[in-house]
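So the protein sequences, as listed, match chains H and U. Read in order, the letters of the first sequence correspond to residues 1317 to 1782 in the working numbering. Read in order, the letters of the second sequence correspond to residues 2 to 87 in the working numbering. Below is one structure; the comments refer to it alone.
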Amino acid sequence: MYDTIIIGGGMSGLAAGIRLALFDQRVCILERHYTIGGLNSFYRMGGRDYDVGLHAMTNFSRKGTKRGPLAKLIRQLRFKWEDFPLAEQIGSSIRFPGIQLDFGNDIELLQDEIAREFPGSIDGFQRLCASLLDYDDLDGDDSRFTRSARAVLDELIPDPLLREMLLCPLMWYGNAREDDMDFGQFCIMFRACYLEGFARPFKGVRLILKNLVRKFRGLGGELKLRSGVARIHVDNGHAVGVVLDDGTEIAGKRILSSAGTVETLRLCDDITEVDVARAGRLSFIESISILDTQPQQIGFDRTIVFYNDSETFHWRMPEDSLCDARTGVICSPNNYRYTAGDGVLPDGVIRITTLANHDRWCGLPDPKYRAEKVAQYEAAVHSAVRFMPDFRRHTIDTDIFTPKTIRRFTWHDNGAVYGAPDKQLDGTTHLDNLFLCGTDQGFVGIVGAILSGISMANRHCLATDG
Amino acid sequence: MSPAEIRDEIIDILGDIAPDENLDELVDEVSFRDQLELDSMDFLDIVMELRKRHRVQIPEEDYGNLASMQSTVTYLEPKMRDIVKA
Ligand SMILES: Cc1cc2nc3c(=O)[nH]c(=O)nc-3n(C[C@H](O)[C@H](O)[C@H](O)COP(=O)(O)OP(=O)(O)OC[C@H]3O[C@@H](n4cnc5c(N)ncnc54)[C@H](O)[C@@H]3O)c2cc1C
């Protein structure tokens, strides 16, 4: 009998597992895939290492900082700052037709850019910075959390183009809702991206995952791969254990699931139908280009570029097409300030993310699916090079993954990267000992998911375990 | 444990939770929150470490007693009096 069974070996499940193992719980993480990492795993192909997700770790803070999400997770998981050697970004940019705003890990740069390009809005921007909710204020009961971010921006920022430009990166890096954003989520992402900033470990997401899994196992936690949960056994409003895909039964006092809200409810014995409309539907394709040169050699020194090709930013799943490349994210993992000891990454890499329609991708018959991968890769690059130097003749290898890939390896409905638009911030479900963590609980992104795992483990599995 | 030993134990726990802090200069009468920027997650850790190391149970309604070193030691003294220091 386990004290806690955790469903999912992604960032949130691993972090929750560490917290519980740290205080001597018998804890087991069950992961359906043959490897850990979930939405942010890694793979090897054609002799090269690839990360699934990692463009940037948000929420950067410098070693020794006492406040903020990164400091909190290092403390809570008993890591040292040295365990996460992070290289800061060189600098990022928001690019719309004829205008760009640069930003970095110091908010002053963005303030200067706004003062130059939008002098009529700089006071409003300063007021916005001063009125952001603090992380500690962010609980679901706070009515300010669910306000429309667009409505708040309308009040503070007179220039409509600036409103669109500010929203673009924040929606791209963490908004599960189409068109608008909850103000609470806006504040989280504003802090994460503009006030704290971007960084990356030289070795990519592998380093983070290896640290998490080593710590978890070192504390006596059990991790079972290829162990998908097929059902959650329910008896009298109480979860009593799980049944794996191969029929194995495992008993537990409580269950913490990172599979997603509707995905988890669907597993429960006592539920026959779930409300699939609650699942998120924003998914992406990721087009990865390997270059024969470093991006800086062809004049591209930005870490991340968030682009949009008109004055209005459309944050919607494309209804009538496979992809929507009008807006996208361009990332070069080469463009971080690595130390001399790190050296340089072996290849030049450009990653481009664009919006995609899960159902359309999954409906394609196989030869067509493969042909569309090539065609949509080209469309994404074609769109992106309007906002960066044209790198196409330097491309020596490519890979692309689609919502179908994301679905296949994470089992999230619709391949939704940021989960459901309505979060379950307190992590509770209809059962008194089944809880949610990760994407659908609230925080998203690497740091967000880790914090979600920590806080749900603390609240539901430790504080109450007498 | 004597009050002095309990204090040492708390210092040891704080050293685990917040390894970057200089605990030599801790003022017993001033709240942990003000000196060390501990938040509610860190307070839970003090409770959990005491439970793990000494089987001392602290109910949630008593967490307020852990505000400063002085109040913590006063609160724990009757609970830890019979524990023999390892
Ligand atoms: C293309 C892409 C780019 C991204 N870029 C960034 C970035 O640059 N920076 C950043 O911070 N974040 C990024 N993210 C987001 C980040 O990866 C996620 O927010 C985070 O990893 C979510 O972690 P999680 O634990 O909540 O969920 P998941 O990673 O989805 O973990 C859930 C796990 O549960 C498993 N599972 C599901 N169902 C079952 C079942 N029934 N039984 C057993 N196991 C099950 C899944 O296999 C999965 O491993 C990106 C994501 C993608 C897809």
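Glycine included, every Cβ here is placed at the ideal spot set by N, Cα and C. Every value quoted in this text rests on a predicted model; they were computed, and no experiment measured them.
- Query: If you draw a straight line from the C-alpha of Thr1643 (chain H) to the C-alpha of Arg1411 (chain H), how long is it?
  - Reply: 10 angstroms
- Message: Please tell me whether, using a cut-off of 7 angstroms, the distance from the CB of Asn66 (chain U) to the nearest non-hydrogen atom of ligand 1 is below it.
- Response: no
- Query: Short check: CB of Ile1334 (chain H) to CB of Leu1572 (chain H), under 8 angstroms?
  - Reply: Not a contact, by the Cβ cut-off of 8 angstroms.
- Excluding five sequence neighbours on each side, which residues of the same chain lie with their C-beta closer than 6 angstroms to the C-beta of Gly1731 (chain H)? The answer, listed in chain order, is Ser1599, His1674, Pro1719, Ile1722 and Arg1723.
- Task: Ignoring anything shorter than 4 residues or poking outside the segment 1660 to 1701 of chain H, list the alpha helix (DSSP H) runs there in chain order.
- Result: 1674 to 1679 and 1682 to 1700
- Query: If we count the other Cβ atoms within 10 Å of its Cβ and call it buried at 16 or more, is Gly1362 (chain H) buried or exposed?
  - Reply: exposed
- So is the beta-carbon of Phe1376 (chain H) under 7 angstroms away from any non-hydrogen atom of ligand 1? no
- Item | Spatially closest choice to Pro1705 (chain H) from H:Phe1502, H:Ala1337, H:Pro1611 and H:Met1487, by CA coordinates | Of the listed residues, the one whose Cα sits closest to Pro1705 (chain H) is H:Pro1611.
- Task: Compute the minimum distance between the beta carbon of His1728 (chain H) and the heavy atoms of ligand 1, and state whether it is under 7 angstroms.
- Result: For His1728 (chain H), the distance from the CB to the nearest heavy atom of ligand 1 is below 7 angstroms.
- Item | Element boundaries [alpha helix (DSSP H), containing Asp43 (chain U)] | Ser41 to His55
- Name, in chain order, the residues that DSSP records as bridge partners for Val1529 (chain H). Paired residues: none, contrary to the question.
- Query: Where do the ends of the beta strand (DSSP E) carrying Phe1600 (chain H) lie?
  - Reply: Ser1599 to Leu1607
- Report buried or exposed for Met1317 (chain H), applying the criterion of at least 16 other Cβ atoms within 10 angstroms of its Cβ. exposed
- Message: At a threshold of 7 angstroms, does Ser1409 (chain H) count as lining ligand 1 (C-beta to nearest heavy atom)?
- Response: no
- Could you tell me which chain H residues have their CB closer than 7 angstroms to the CB of Met49 (chain U), listed as they occur along the chain? Phe1339 and Leu1778
- Scan the segment 1526 to 1580 of chain H and note each continuous beta strand (DSSP E) run of 3 residues or more that stays entirely inside, going in chain order. 1538 to 1540, 1545 to 1550, 1555 to 1560 and 1565 to 1573
- By DSSP, does Phe1725 (chain H) sit in helix, in strand, or in coil? helix
- Task: Verify the contact flag: His1371 (chain H), CB atom, against every heavy atom of ligand 1, threshold strictly below 7 angstroms.
- Result: Because some heavy atom of ligand 1 lies under 7 angstroms away, the Cβ of His1371 (chain H) counts as near it: yes.
- Message: What I want to know is whether the C-beta of Ile1323 (chain H) ends up closer than 7 angstroms to one or more non-hydrogen atoms of ligand 1.
- Response: yes
- Message: To test your reading of the DSSP string, which unbroken alpha helix (DSSP H) runs of 4 or more residues are found completely within the segment 1453 to 1507 of chain H?
- Response: You should have 1465 to 1472, 1476 to 1488 and 1499 to 1506.
- Which residues, taken in chain order from the segment 14 to 47 of chain U, show a beta carbon closer than 9 angstroms to some beta carbon of chain H? So the list reads Asp17, Ile18, Ala19, Pro20, Asp21, Glu22, Leu37, Glu38, Asp40, Ser41, Met42, Asp43, Leu45 and Asp46, given in the order they occur along the chain.
- Mind checking whether Gly1754 (chain H) and Gly1440 (chain H) have CB atoms under 8 angstroms apart? no
- Query: Do Ala1765 (chain H) and ligand 1 come close, with the Cβ less than 7 angstroms from some heavy atom?
  - Reply: yes
- So, using beta-carbon positions, are Ser1543 (chain H) and Glu1347 (chain H) closer together than 8 angstroms? Taking 8 angstroms as the Cβ cut-off, Ser1543 (chain H) and Glu1347 (chain H) qualify as a contacting pair.
- Give the single residue among H:Gly1764, H:Gln1392 and H:Gly1735 whose Cα lies nearest to the Cα of Met49 (chain U). H:Gln1392
- Task: Starting from the C-beta of Arg1570 (chain H), find all residues in its chain whose C-beta is less than 8 angstroms away, skip the five residues before and the five after it, and write them out in chain order.
- Result: Asp1319, Thr1320, Ile1321, Ala1555, Asn1749, Leu1750, Phe1751, His1776 and Cys1777
- Task: Taking only runs that begin and end inside the segment 1360 to 1391 of chain H, name each unbroken beta strand (DSSP E) of 3 or more residues, in chain order.
- Result: 1364 to 1367
- Gly1396 (chain H), buried or exposed, once every other Cβ within 10 Å from all chains shown has been counted against 16: The question names Gly, but residue 1396 (chain H) is Lys in the sequence shown. Exposed, by the Cβ-count rule.
- What number of angstroms, rounded off, separates the C-alpha of Pro1634 (chain H) from the C-alpha of Leu24 (chain U)? The straight-line gap separating the alpha-carbon atoms of Pro1634 (chain H) and Leu24 (chain U) is approximately 56 angstroms.
- Query: Between the beta-carbon of Gly1769 (chain H) and the beta-carbon of Ala1332 (chain H), is there less than 8 angstroms?
  - Reply: yes
- Counting only the same chain and skipping the five closest in sequence on each side, list residues whose C-beta sits under 6 angstroms from that of Arg1632 (chain H). Excluding sequence neighbours, Arg1632 (chain H) sits near Glu1494.
- Which residues, in chain order, does the segment 1525 to 1544 of chain H contribute to contact with chain U at a C-beta distance below 9 angstroms? Flagged: no residues at all.
- Please confirm whether any heavy atom of ligand 1 lies closer than 7 angstroms to the CB of Asp1491 (chain H). Asp is not the amino acid found at residue 1491 (chain H); the sequence shown has Asn there. Answer for Asn1491 (chain H): no, Cβ out of range of ligand 1.
- Query: Regarding Leu1583 (chain H) and ligand 1, is the C-beta to nearest heavy atom distance less than 7 angstroms?
  - Reply: yes
- Quick one: measure Cβ to Cβ for Tyr1654 (chain H) and Phe1518 (chain H), integer angstroms, because I've assumed they're closer than 8 angstroms. 5 angstroms
- Query: Okay, do the segment 1585 to 1597 of chain H and the segment 1370 to 1387 of chain H touch, 3+ Cβ pairs below 8 angstroms being the bar?
  - Reply: Two segments are said to touch when three or more pairs of C-beta atoms, one from each, lie closer than 8 angstroms; by this definition the segment 1585 to 1597 of chain H does not touch the segment 1370 to 1387 of chain H.
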